[in-house]
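Residue numbers (the numbering used here): 5 to 188.
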């Protein structure tokens, strides 16, 4: 466990001398030492660097896939989107959402996609029914209404001889929904 969490080299150090990131790792190690079926974590990655956050996400996914149920509280909505199958959103002490992550994300009227291009663009292409902008010459951001097909966008880009190397969702999807939910 200590090796998996990167704590092996710190095994002789006193907990109070550890950095915030190592204290978070130690907190998780202590919670897992008895192999619980349920793990409750409160802000497990607060105050840690990006690299450690991703390592902890991978570790939490691994223990979850091995049968441990995890209840997670977090203000990092990207973290919730990455780690959670089900989500509850609390606003002023009241549960305003309790559903699956997939179901919640289906409520988005517009999906944002980041398209990594094979060749640089000098200007933003104009394609009817799609909002496009260039983040940089090799990165096109597409806003796609849920009634429109992403496949049609790819067909239109192909007609313009624009080749897409890879695609991913914009990372702020859950944040947009959260703001919409708590405004009501």
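Backbone N, C-alpha and C fix where the C-beta goes; we use that ideal spot for every residue, glycine too. These numbers come from a predicted model, not from an experiment.
Looking at the strands, I want to know which residues DSSP matches up with residue 73. Looking up residue 73 in the chain shown gives position 69. Here residue 73 is bridged, per DSSP, to 42.
Is residue 118 helix, strand or coil when you go by DSSP? Taking the first residue of the chain shown as 1, we reach residue 118 at position 114. Correct three-state label for residue 118: strand.
My guess is that residue 120 and residue 143 are in contact by the Cβ rule of under 8 Å, so how many angstroms apart are they, rounded? Locating residue 120 in the chain shown gives position 116, where the first residue counts as 1. Locating residue 143 in the chain shown gives position 139, where the first residue counts as 1. Taking C-beta atoms under 8 Å as the contact rule, residue 120 and residue 143 qualify, at a distance of about 6 Å.
Within its chain, find whatever has a CB closer than 8 Å to the CB of residue 28; leave out the 5 residues flanking it on each side and keep chain order. Mapped onto the chain shown, residue 28 falls at position 24. 48, 49, 50, 51, 52, 56, 60.
Go to residue 92, then tell me how far its beta strand (DSSP E) extends in each direction, as first and last residue. Residue 92 sits at position 88 when you count from the first residue of the chain shown. Going by DSSP, residue 92 is part of the beta strand (DSSP E) stretching over 90-95.
Please classify residue 98: does DSSP put it in a helix, a strand, or coil? For the purposes of this step, residue 98 is taken as residue 94 along the chain shown, with counting starting at 1. Residue state, collapsed to three classes: strand.
What's the C-alpha gap between residue 40 and residue 76? Here residue 40 refers to the residue found at position 36 of the chain shown. Here residue 76 refers to the residue found at position 72 of the chain shown. The C-alpha of residue 76 is placed about 15 Å away from the C-alpha of residue 40.
Give the DSSP bridge partners of residue 192, in chain order. Since the displayed the chain opens at 5 and closes at 188, residue 192 lies outside it and no answer follows.
Restricting to Cα atoms, I'd like to know which of 88, 116, 94, 123 is closest to residue 106. The count along the chain shown starts at 1 and reaches residue 106 at position 102. For the residues 88, 116, 94, 123, the minimum Cα distance to residue 106 belongs to 88.
Taking all protein chains shown into account, decide if residue 83 is buried (16 or more other Cβ within 10 angstroms of its Cβ) or exposed. Along the chain shown, read from residue 1 onward, the residue named residue 83 stands at position 79. Result: buried.
For residue 2 and residue 70, I'd like the C-alpha separation in whole angstroms. Since the first and last residues shown for the chain are 5 and 188, residue 2 lies out of range.
Given that a residue counts as buried once 16 or more other Cβ atoms are within 10 Å of its Cβ, and exposed if not, what is residue 91? Indexing the chain shown from 1 puts residue 91 at position 87. Counting other Cβ atoms within 10 Å of its Cβ, residue 91 reaches 16 or more and is therefore classed as buried.
With 16 as the cutoff for other CB atoms within 10 Å, does residue 19 come out buried or exposed? Position 15 of the chain shown, counted from the first residue, corresponds to residue 19. By the 10 Å Cβ count, residue 19 comes out exposed.
Could you give the first and the last residue of the continuous alpha helix (DSSP H) run that contains residue 35? For this step, residue 35 is matched to residue 31 along the chain shown. Residues 24-36.
Okay, do the segment 126-135 and the segment 172-183 touch, 3+ Cβ pairs below 8 Å being the bar? Taking a cut-off of 8 Å on C-beta distances, the segment 126-135 does not touch the segment 172-183, as fewer than three cross pairs fall below it.
Does DSSP put residue 143 in a helix, in a strand, or in coil? Walking along the chain shown from the start, residue 143 turns up at place 139. Under the three-state reduction of DSSP, residue 143 is assigned to strand.
If you reduce the DSSP assignment to three classes, tell me which class residue 173 lands in. In the chain shown, residue 173 corresponds to position 169, counting from 1. Residue 173 sits in a strand when the DSSP states are folded into three classes.
Beta-carbon proximity of residue 149 to residue 114, cut-off 8 Å: For the purposes of this step, residue 149 is taken as the residue at position 145 of the chain shown. For the purposes of this step, residue 114 is taken as the residue at position 110 of the chain shown. Residue 114 sits close to residue 149, with the two beta carbons spaced by under 8 Å.
Keeping to the same chain, check which residues put their C-beta closer than 6 Å to that of residue 171; ignore five residues upstream and five downstream. The sequence position of residue 171 within the chain shown is 167, counting from 1. Excluding positions up to five away in sequence, the list reads 117, 119.
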